[in-house]
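These notes are about the structure you will find just below.
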Amino acid sequence: MSIDQPSRRSLIRNTATAGLAGAAAALAVPPAVAATDPRRGPAVTLSGDVTGYNTRVLLLGTSGGPVQVPGRTMISSAVAVGDRFYLVDAGSGAVRQAALAGIGLPKLGAVFITHGHSDHLADLFNLVWLAQGPPTPPLPIYGPGPAGHLPAPSGNAPVPVLNPGHPTPGLRDVFTGWLAAATYDINIRNNENGPPGQDFTRKFAVHEIMPPPAAGASPEHTAPDMPPFTVFEDDRVRVSAILVPHGRVFPSYAYRFHTDDGSVTFSGDTARSDNVARLAAGTDILVHEAVDIDYYRDQGLPDGALEHMRLAHTSPEDVGRVAAEASVRRVLLNHLTPGDPAAVPDAEWERRVRATYGGSVCAGHDLTAFGVGRKG
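In mature numbering (1 follows the signal peptide of the UniProt record, and there is no 0), the protein residues as written are -34 to -1, 1 to 342.
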């Protein structure tokens, strides 16, 4: 596998670890089939009436992490434009949720990872590794490049550091490690199946997103005020990114998808941020994370952990403030923590957002779809 070494100052670092095998058999259960074939048991399909909409938002998994909870799957979403899908984050369960939503990987236009936490990329390599079928063009995967260095730990007390010679890998090195871990499985399956085999170094193309140097961002200054910048464009969508504050994580991004039908903005994991409001200005749908710190306080979480949540996530009231400032048309809540609906009911999430925002609000659930813009 050859990996180029582009300039560290480039906005997007490209790694030609190319393409994705067409995985229709492994990850493309059309909703109509799932609903009508009795051999599959009870149907599991997308809910939500999106008839007539060319652009849709699909919430695949709506819980924060990293611990899996009952009631919601780990975070993953998609934007569909016609018959092409763009995945945003790939937490644990994303491969299964995509299959249940009828997303076939040959129709996957690109994948976008907001940041390097496990609950956002645990299933990312599985999109490629578990896929079988004839070769297709490379799957473009966009996500954060290397932070460069670790900030000083909280309290300045020493903490264990994994791989101290390279403690802050970006998405390219993450994929290199995943491929190394999967070496035997890949080689023995090719050996068993015979020619031509699958060249896993040609299944995907990793693009590391780095913020513009003019932003002045760093692990100590993770999300300065800045304008959005374009990271991807094809014939159906243009994707812009902006840095957001998520504790000590750097870089961490929000994304906006611009289509002919309208726009969708994903906050990623973030504390309340003017950058999110700037990116989301006038958007049709803002898909925003939310945390209920009161719930965790009542559970006896220590003050230090509660302060971390304040610095890394957004209260429902602040979600409403961001939405109002940006004049967005609708808010969908995802990456809910706690994600268990028995802990915090939907009505409570929605009530708290509506206290500061007058538009439409919906607490997200797995495998739900929403139309963007006007019906065709």
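Heads up, the beta-carbon is just placed ideally off N, CA and C, and yes, glycines get one too.
These figures come from a predicted structure and were not determined experimentally.
**Study point:** 6 Å Cβ shell around residue 166 - same chain, five flanking residues per side excluded
**Key:** 152
Practice item. For residue 200, count neighbouring Cβ atoms within 10 angstroms of its own Cβ and tell me buried if that reaches 16, exposed if not. Key: exposed
**Study point:** Span of the beta strand (DSSP E) around residue 90
**Key:** First-last for residue 90: 90 to 95, but that is the alpha helix (DSSP H), not the beta strand (DSSP E).
Check your understanding: Once you ignore the five residues that flank residue 117 on each side, which residues in its own chain have a CB closer than 7 Å to its CB?
Key -> 185, 186, 214
Review point. The beta strand (DSSP E) with residue 53 in it runs from where to where?
Key: 50 to 54
Review point. What did DSSP end up calling residue 158 once you bin it into helix, strand or coil?
Key: helix
Point to revise | Host beta strand (DSSP E) of residue 22 (start-end) | key: 21 to 27
Check your understanding: So the beta strand (DSSP E) residue 175 belongs to, where does it begin and stop?
Key -> 170 to 175
Point to revise | Own chain, CB closer than 7 Å to residue 24, minus 5 neighbours either side, in chain order | key: 12, 43, 44, 46, 67, 335
Review point. Under the three-state reduction of DSSP, which class applies to residue 72: helix, strand or coil?
Key: helix
Check your understanding: Taking the continuous beta strand (DSSP E) assigned at residue 334, which residues delimit it?
Key -> 334 to 337
**Study point:** Integer Cβ distance of residue 209 from residue 219, believed to fall under 8 Å
**Key:** 6 Å
Review point. Nearest to residue 194 by CA position, among 320, 97, 35, 243, is which residue?
Key: 243
Practice item. Would you please state the rounded distance, in angstroms, between the beta carbons of residue 232 and residue 188? I believe it to be under 8 Å. Key: 18 Å between Cβ atoms; not a contact.
Practice item. Give a yes or no on whether the C-beta atoms belonging to residue 261 and residue 294 are separated by under 8 Å. Key: no
Practice item. Give the range of the alpha helix (DSSP H) segment to which residue 276 is assigned. Key: 269 to 278
Exercise for review: Quick one: measure Cβ to Cβ for residue 94 and residue 170, integer angstroms, because I've assumed they're closer than 8 Å.
Suggested key: 5 Å
Check your understanding: Under a three-way DSSP split, which group does residue 208 fall into?
Key -> strand
Check your understanding: Does DSSP put residue 79 in a helix, in a strand, or in coil?
Key -> coil
Point to revise | Counterpart residues of residue 381 in DSSP-defined beta bridges | key: With the chain represented from -34 up to 342, any question about residue 381 goes unanswered, as that position is not in the structure.
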